[in-house]
DNA sequence: GATGAATGAGGATTCATTCAT
DNA sequence: TATGAATGAATCCTCATTCAT
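Chains as they are written, first to last, in the UniProt record's numbering: chain A, 1 to 193; chain B, 1 to 193; chain C, 1 to 193; chain D, 1 to 193.
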């Protein structure tokens, strides 16, 4: 399994840095290779093509969010608490890794429609977990049982996403973590049953 | 003033179609020119360069949103009503123009950071009007007076944006206008004082 | 005759200025038209095409040299005196018109081979008069009667030309007129019988 | 060092042929690449851009003149002999390579001012060696000690250059090598002390 | 597995010239 | 005569990918 060889992760991490520092369109394969300390050709021993690198970057990093969220769901008591922790975790992970935030919020979105569809597919696992929390809350009365789950999910995700993107576009000039409770409060009010 | 000459609007509209049908990176100047029924060189009598076309597209189309919103603010009675109408208008304009929706939600976001910053500057006028509504509502008690306006604004815009983008990515397979009241209800609950 | 209409000379002079200030390749027809205070299309009422402007510029300005030289030949006593005055005149005319010097010595030489052949044809009249002086001198014993006239002519013209071009490339930083007597002395020694 | 790789020289030689056969402005990169038997992109592994090819052509070819001249200076006995051999060498090298003669005398001069300045910088090394010969001759009494070296150098170079350019413009119709002794004789008489 | 030299397709932009007014 | 809006051909360079070593 290529995924477990050291050079695989080495290239993934190099890609994040190369994209963050140079921008999506300026993150050429040769730059990623240089950053990873391998030859250009070596990249193609681990990835099918350039697009495959970017998808893998998103996949690997998204896996962290999904894992965290699964744990949150397992350990959380109320739906409200689960959602709160999900929001906090989302903000915290990106607040702690500016490179990653730049890549996911700004750079990777410059990819073409086709690639974005693939990225969305990866994202779906995360959104499915979010749906679980929402449905649970609607069932147990914590959230409004009459609301449309898709719309609610898009409110939660859209609000989080917009807040983080704005923070990145403002070049991290304010503390993102301070925003989290405000977002949480607004969203929970909107959702509550 | 070039902006008022017929060919200016002709090229703008051609650009929307060319981008929607071919994608951002495949919308070559020659394609836009062909779609507009003018020679390639004619484009450059009205626009400084390709980027200028894209900025102008966003500017011209955004102007419709801003104009509508200004009218909504003038005629609306309560802040709640103003916000409701703003949401409805936003959904309706894009529901009626799939090409424009594709361009603003998916294609134009593939532009590089520099261009996106310019686009954001244009967007700010719209968001400022949204802020006005929110602040008014916080003052008159319709909305929660303790909330952070920026976060609230980002919830409203992020929720609208995410819902529309998802609709576009699902290739307009469901009726966007039916979503509007659901979005409106959730958001107003989140904001209310 | 178009040649005598005021706009003809107006465009010629505008071309010299446009070329001198912008360089050969940056002297677009539109710039020349603007400098001349006429519309782009008007240029084509007086000149067949862009090349025709440049040829005419050279023709009109070279005519001054030829006229002067004819007078020098008529009034001069010895061949030595005629050659001396030709050299002085050549240096003086260009020393007094930096724009013209830039155009003839640097810019017009950037034209393609075809145009340069045409320019050379115009130059030939001037060189023929120079040949006359040389042959006269070879006949009357002032110049070496065994020398090859073509080679001698090319020495005279090449020396003058190289000195002036160097002066232009040094951005007129020294006094060209001071060079003339030194050139004259060297050339006459080379030629003398 | 790219300069020593076989493809470097291969491209340089291809450029000379492409320029000579098509003219400066018609020597597209793709033509040079085709002539060199490499892909267009390969050019850019060896040269920064198109201008860099042209500068390098001049540099590489001028290096031959400079090298020859250095040897001539070392082995020559009198200043007169050194100058004579310099003239002969200059004529001979170009007489033997019509392509090169076309390129240096006609085509490369169509470059813009900026490039010509760079070319002149390369030429300076050659002219400095010429100055050395002249100054030596002025010191040892072979040449006129009162003459202005710059003017003398410009006479020598201008005369050689004009004779060769005329030969190229006459499409090599006569034997250039026969001109050399005539040029030599005239110049030496002009310079002698 | 690893290298890196070589490939070659693809597009924004300029500007001389025309021609309807 | 004079205008100037419109035309459209033409080219340098980048960079993802391959493959001989």
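Backbone N, C-alpha and C define an ideal beta-carbon position, used for all residues, glycine too.
Is there a Cβ of chain C sitting closer than 7 angstroms to that of residue i, yes or no?
| i | result |
| --- | --- |
| residue 186/D | yes |
| residue 154/D | yes |
| residue 166/D | yes |
So with CB distances below 7 angstroms, who are the chain C contacts of residue i?
| i | result |
| --- | --- |
| residue 100/D | By Cβ distance, chain C contributes nothing, its closest Cβ being about 16 angstroms from residue 100/D, past 7 angstroms. |
| residue 159/D | 154, 155, 158 and 159 |
Below 7 angstroms between beta carbons: does that hold for residue i and residue j?
| i | j | result |
| --- | --- | --- |
| residue 17/D | residue 35/D | yes |
| residue 84/C | residue 184/C | yes |
| residue 107/C | residue 19/C | yes |
| residue 145/A | residue 138/A | yes |
| residue 118/D | residue 55/D | yes |
| residue 126/A | residue 66/A | yes |
| residue 79/B | residue 136/B | yes |
| residue 271/A | residue 141/A | What is shown of chain A runs 1 to 193, which leaves residue 271/A out entirely. |
| residue 202/D | residue 82/D | Residue coverage of chain D in this structure runs from 1 to 193, which leaves residue 202/D outside it and unanswerable. |
| residue 15/A | residue 87/A | no |
| residue 59/D | residue 12/D | no |
| residue 162/D | residue 37/C | no |
| residue 94/A | residue 164/A | yes |
| residue 129/B | residue 69/B | yes |
| residue 90/B | residue 160/B | yes |
| residue 182/D | residue 148/C | yes |
| residue 23/A | residue 113/B | yes |
| residue 98/A | residue 172/A | yes |
| residue 177/B | residue 101/B | no |
| residue 110/D | residue 110/C | yes |
| residue 115/C | residue 51/C | yes |
Does the CB of residue i have a neighbour CB from chain B at under 7 angstroms?
| i | result |
| --- | --- |
| residue 182/A | yes |
| residue 190/A | yes |
| residue 171/A | no |
Using a C-beta to C-beta distance shorter than 7 angstroms, which residues of chain D count as neighbours of residue i?
| i | result |
| --- | --- |
| residue 179/C | 151 |
I'd like to know if residue i contacts chain A, where contact means its C-beta is closer than 7 angstroms to some C-beta of that chain.
| i | result |
| --- | --- |
| residue 97/B | no |
Going along chain B, which residues have a C-beta under 7 angstroms from residue i?
| i | result |
| --- | --- |
| residue 148/A | 182 |
Kindly examine the ligand MN and report whether one of its heavy atoms sits closer than 6 angstroms to the Cβ of residue i.
| i | result |
| --- | --- |
| residue 42/B | No copy of the ligand MN appears in this structure; indeed no ligand is present at all. |
Using a Cβ cut-off of 7 angstroms (strictly closer), state whether residue i contacts chain D.
| i | result |
| --- | --- |
| residue 163/C | yes |
Inset, instruction - Could you please tell me which residues of the region 105-137 of chain C, in chain order, have their CB closer than 9 angstroms to any CB of chain D? - result: When CB distances to chain D are screened at a threshold of 9 angstroms, the residues of the region 105-137 of chain C falling below it are 106, 107, 109, 110, 111, 112, 113, 114, 116, 117 and 120, in chain order.
Legend entry - Where the region 6-40 of chain D meets chain C: residues whose CB sits under 7 angstroms from a CB there: For the region 6-40 of chain D, the set of residues with a beta-carbon nearer than 7 angstroms to any beta-carbon of chain C comprises 23 and 25, in chain order.
Legend entry - Segments of 3+ residues assigned as beta strand (DSSP E) that fall wholly inside the region 55-113 of chain D: As for any beta strand (DSSP E) of minimum length 3 sitting wholly inside the region 55-113 of chain D, there is none.
Inset, instruction - Let me know the alpha helix (DSSP H) ranges lying completely inside the UniProt domain "HTH tetR-type" (5-65) of chain C, each 4 residues or longer, listed in chain order. - result: The UniProt domain "HTH tetR-type" (5-65) of chain C contains these whole alpha helix (DSSP H) runs: 6-22, 29-36 and 40-46.
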